[in-house]
Structure formats: structure tokens, C-alpha cells
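In terms of numbering that gives the first Met the number 0, the sequence shown is numbered consecutively and its last residue is 274.
Idealized CB from N, CA, C, for every residue including glycine.
Predicted model only: the values in this text are computed from it and were never measured.
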Amino acid sequence: MSGVVRMFGIPLAAVTEQEAVERIVELAKTRRKDGSPHRVATVNVDFVTNAVKCRPFRGNPELWEYLKTGVDLAVADGMPLVWLSRWLRQGKGLSERVTGADMMPDICARCAEEGLSVYVLGCEMVVLLEAFSLLRERSPHLEIAGLNSAQITLEENHGTLLEHINASKADVIFLAMSHPKQELWISRHAEKLDAGVVIGVGGAFNFFAGAVPRAPAWMQACGLEWVHRIFQEPGRLWRRYAKGFVKFSWLSALALARAWFFRRGEENGADTGNP
Numbered sequence: 000m001s002g003v004v005r006m007f008g009i010p011l012a013a014v015t016e017q018e019a020v021e022r023i024v025e026l027a028k029t030r031r032k033d034g035s036p037h038r039v040a041t042v043n044v045d046f047v048t049n050a051v052k053c054r055p056f057r058g059n060p061e062l063w064e065y066l067k068t069g070v071d072l073a074v075a076d077g078m079p080l081v082w083l084s085r086w087l088r089q090g091k092g093l094s095e096r097v098t099g100a101d102m103m104p105d106i107c108a109r110c111a112e113e114g115l116s117v118y119v120l121g122c123e124m125v126v127l128l129e130a131f132s133l134l135r136e137r138s139p140h141l142e143i144a145g146l147n148s149a150q151i152t153l154e155e156n157h158g159t160l161l162e163h164i165n166a167s168k169a170d171v172i173f174l175a176m177s178h179p180k181q182e183l184w185i186s187r188h189a190e191k192l193d194a195g196v197v198i199g200v201g202g203a204f205n206f207f208a209g210a211v212p213r214a215p216a217w218m219q220a221c222g223l224e225w226v227h228r229i230f231q232e233p234g235r236l237w238r239r240y241a242k243g244f245v246k247f248s249w250l251s252a253l254a255l256a257r258a259w260f261f262r263r264g265e266e267n268g269a270d271t272g273n274p
């Protein structure tokens, strides 16, 4: 696997989508030394703006700490992160955008080939049934350990739920919830799970089943998928995305300024013969 690009303290793997899928499947075959599942995060701009604290903006310390130190594999689910990584590293940044929505069906297909089972928590049952009907058309041998549409909160104990998940003997657990709920849930409960991998995929099953139309490919490539989402749910999303755009622009400007001053300092040191 390629290297890691650390952005805002978050270690993002410089991998292609296919490399990420293969890495996740390999992780699913193993267990961490502490017996809990490997954690995978698909980090987008919303993750960064929710997590990172930077004056005058607030952040979420628990989420940021989880993304910095609690995940075994983090990928960039957003073109702005890919572009920023390349600007910061003078073209040598992240390989490409790697999204949970794109990886989910490929992970399921590879799980079917490897004899690994999957469990889904979150999302409406009618959507899950439609999605897995389509997934099984592609991969007839896909083993479904469990589908659970329970609407959970972060404040619950979840003892019975965790027992149910563990009893399924799932190798891969998909969390189909909103962000940051799914990441905070993993952060708080992963140590009690018995599986190979747990990964938050947000609305991946909604997109795959056709319950929520996804942005056209050209909008995804141009980093404009958020515009499409705003038009789908303007009342819910416009304020959040507007705030996120302003904050991410500010964070990016600070990061680029620091990188520029650092490079200038190195150049000046080389010019004057300083070590």
C-alpha cells in the first residue's frame, strides 16, 4: 500500500479505491491485537469541519482524536481533500478520491469471493432489502450475517445490540448512519465488537438501492457533489454546508500559508548554508 498523507492531524492513506478495498478485505480476515475490529473511516470535508478546532471555529475533540489515533485506515472521501493534499505537497498528495458509496459494493463482492460475511446497522429495512437484492445479483454467494435498521442514539448503553451483532459472527460491519454519529458510535463501542472490520458508509446503501439519487459523475469529479446534496435537501443542508465551506476554506488557507512559510524557510536555509 502507498504512504500516508497527514492532513489536519488525520492520517489519510494515499491509495486508489481498489487498493483500499483490498486492504479492507485483508483487515477483515484478521483481528487487532486487542481482539476488536479494525476501524475504517471515509473522511470528507464534513468530517474535517466537524472535528477540527481552529479559531474562531469550534471542533469536536472526541471525533478529532478518533480520526487522528483511533482508525486503522482512513481514506479521503472528497475531492477538496485530494486537491489540498497535492497543493500542500507540491503535487505529491493523495492518489484519488475514495468514497464509502463506491467501495461498499466492491467490498461486498470481495467478501463473497473470500467467504466473509457482512452485517449492516442503520438505514431503513426496505432500502437494505433492495440493496442486498441487487448486491446478490452481482455476488450470489454473499453471506449476510445481519441487517438491522434500528435507529440508535449515542446516549444508549447498547448492550443487547452489541450482543446481537457479536452473535452474528460478522466479518465486516457496515454502519449506515449519519456523520458524526457513526464515527462516534464506533469510537465508543468498537472495543466491545467481535469482527474483522467496522466501517461507516453513511448513505451508501441509499445510493446503491436508488432511494437517494447520487450526483452525476462529472459533479463528483469536480468536487461538486455537495451542491447536488443541497438541492436534494435545501432546508436541512444549506446552512451546514455553507458553514462547512467557510471553515474548510479558512483551514485550507492556514495550512497552505504554513506550508509556504516552511518551504521558504527551507529555501532560505539552503541559500545561506544554514543546516
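If you run the structure through DSSP and keep just helix, strand and coil, what is residue i?
i      : result
Val70  : coil
Ala142 : Going by the sequence as given, residue 142 is Glu instead of Ala. Three-state result, Glu142: strand.
Ala210 : coil
Cys107 : helix
Leu183 : helix
Ala75  : strand
Val4   : strand
Asn49  : helix
Asn147 : strand
Tell me where the beta strand (DSSP E) around residue i begins and ends.
i      : result
Pro10  : 9-12
Phe173 : 171-174
Thr276 : Beyond the ends of the chain as shown, which are 0 and 274, falls residue 276; an answer cannot be given.
Leu120 : 116-120
Just to check my reading of the structure: residue i and residue j have Cβ atoms closer than 8 Å, yes? What is that Cβ distance to the nearest angstrom?
i      : j      : result
Asp170 : Ser116 : 5 Å
Val81  : Ala75  : 6 Å
Leu153 : Leu183 : 6 Å
Leu236 : Ile229 : 5 Å
Val197 : Met103 : The Cβ separation is near 13 Å, so there is no contact.
Phe56  : Lys246 : 5 Å
Glu16  : Glu113 : Going by Cβ atoms, the distance from Glu16 to Glu113 rounds to 18 Å, so no, they are not a contact pair.
Enumerate in chain order the residues of its own chain whose CB-to-CB distance from residue i is below 7 Å, with the five nearest sequence positions on each side excluded.
i      : result
Ser251 : Leu83
Ala50  : Gly58, Asn59, Leu62, Trp63, Leu66
Asp45  : His178, Gly243
Cys122 : Ser148, Ala175, Phe204, Asn205
Among the residues of its own chain, which have a CB less than 6 Å from the CB of residue i, if the five just before and after it don't count?
i      : result
Arg135 : Leu141
Asn147 : Leu120
Give the range of the alpha helix (DSSP H) segment to which residue i is assigned.
i      : result
Val24  : 16-27
Val97  : Here Val97 belongs to no alpha helix (DSSP H), and DSSP marks it neither H nor E.
Val125 : 124-137
His157 : Taken as a continuous stretch (DSSP letters only), His157 belongs to no alpha helix (DSSP H), as it is neither H nor E.
Going by beta carbon distance, what residues of the same chain come within less than 8 Å of residue i, once the five residues before and after it are set aside?
i      : result
Val211 : Gly202, Asn205, Gln231
Gly272 : Legend: pLDDT at Gly272 = 49, less than 50; position of this residue unreliable, value from coordinates given subsequently. Excluding sequence neighbours, Gly272 sits near nothing in its chain.
Val42  : Ile9, Leu11, Leu66, Ala73, Val74, Ala75, Asp76, Gly77, Leu80
Arg31  : His37, Asp71
Can you list the beta strand (DSSP E) stretches of 3 or more residues lying completely in the stretch 181-260, in chain order? 196-199
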